[in-house]
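Asks:
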Amino acid sequence: MQAHNFLAELLERAVASLEASYDCSLAGLIPSTCFDSVNVPGISLSKYIDRIHQYSNCSESCYILAFIYIDRLLQNNPNFMLTKKSVHRLVLTSMVLAIKYLDDLYYNNSVYATIGGISLDEINRLERHMMGLLHYKLHIGEEMFLQYVAGMRAQYERMVEEKERLAESFKELSKSFSEATSMSEVATLPSD
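Numbering (this note's numbering), first residue to last: 84 to 275.
#1: Is the distance from the Cβ of Ala97 to the Cβ of Leu148 below 8 angstroms?
#2: Between which two residues does the alpha helix (DSSP H) harbouring Gly199 extend?
#3: In the DSSP assignment, find the unbroken alpha helix (DSSP H) run with Tyr189 in it and report its ends.
#4: Measure the C-alpha to C-alpha separation of Leu221 and Asn140 and round it to an integer number of angstroms.
#5: Which parts of the segment 142-179 are runs of the alpha helix (DSSP H), unbroken and 4 residues or longer, counting only runs that do not cross its ends?
#6: Are Leu90 and Ile132 closer than 8 angstroms when you measure CB to CB?
#7: Less than 8 angstroms between the CB atoms is what I'm expecting for Leu216 and Asn162, so what's the real figure, rounded?
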C-alpha cells in the first residue's frame with residue numbers, strides 16, 4: 084500500500100473513532116477551529132488525498148511527515164478535535180508544510196489552494212495557523228521519523244490482518260447462508 088492510501092485509511096479510522104468517543108451531549112459544543120469547513124466536505128478523505136497525490140507530485144515521505152505533523156498538533160493541543168469537518172483542511176495544510184520542508188521542488192500556494200478546493204487566502208491563513216500550533220518546529224529527526232514509519236507499518240499489518248479476518252468471516256457467513264437457503268428450498272419442494 085502506498086503511503087498516501089495508508090494515510091487516508093489511518094485518518095479515516097482515527098476520525099471515526101474520535102468522533103464516536105466525543106460525548107454526544109457536547110456535540111454542539113465542540114469548539115470549531117479555522118480548519119473546520121461549514122459542512123462535511125462532499126469528497127471522501129481518501130479521494131481528497133488521492134487528489135493531492137495526483138496533482139502535487141510530492142515524495143511519499145511527505146505523507147508520513149504530514150501524519151507526524153498532525154499527530155504532533157494533536158499532542159500539543161489536547162483541546163483540538165479532529166472531525167470530519169476539519170480533517171480535509173488539516174491534511175492539505177500538513178501536506179503543504181511537509182512538501183515545502185522535504186521536497187526540493189514544490190508549487191506555490193495558489194496551486195495547493197486549487198488542488199485542495201480552497202482560496203489562496205485560506206491556505207495562507209491555515210499554513211500560518213498550523214505553523215503556530217506546531218510552534219514553528221517542522222524538523223523531525225531521523226530516529227523519530229523511522230519510529231513513525233515502523234509504527235505505521237505495524238498498524239498497516241494489523242489492518243491487513245483485520246481485513247483478512249473479516250473477509251474469512253464473510254465467506255463463512257455467506258457459506259452458512261447458502262447452505263441454509265438450500266435447506267429451506269429442499270424443505271419447501273412439493274411432495275409427490
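Quick reminder that beta carbons are idealized off the backbone N, C-alpha and C, glycines included. Being a predicted model, the structure only gives us computed values, none of them experimental.
Replies: Once the coordinates are examined:
#1: no
#2: Asn192 to Gly199
#3: Here Tyr189 belongs to no alpha helix (DSSP H), and DSSP marks it neither H nor E.
#4: 20 angstroms
#5: 144-159
#6: yes
#7: Wrong, their Cβ atoms sit about 11 angstroms apart, outside the cutoff.
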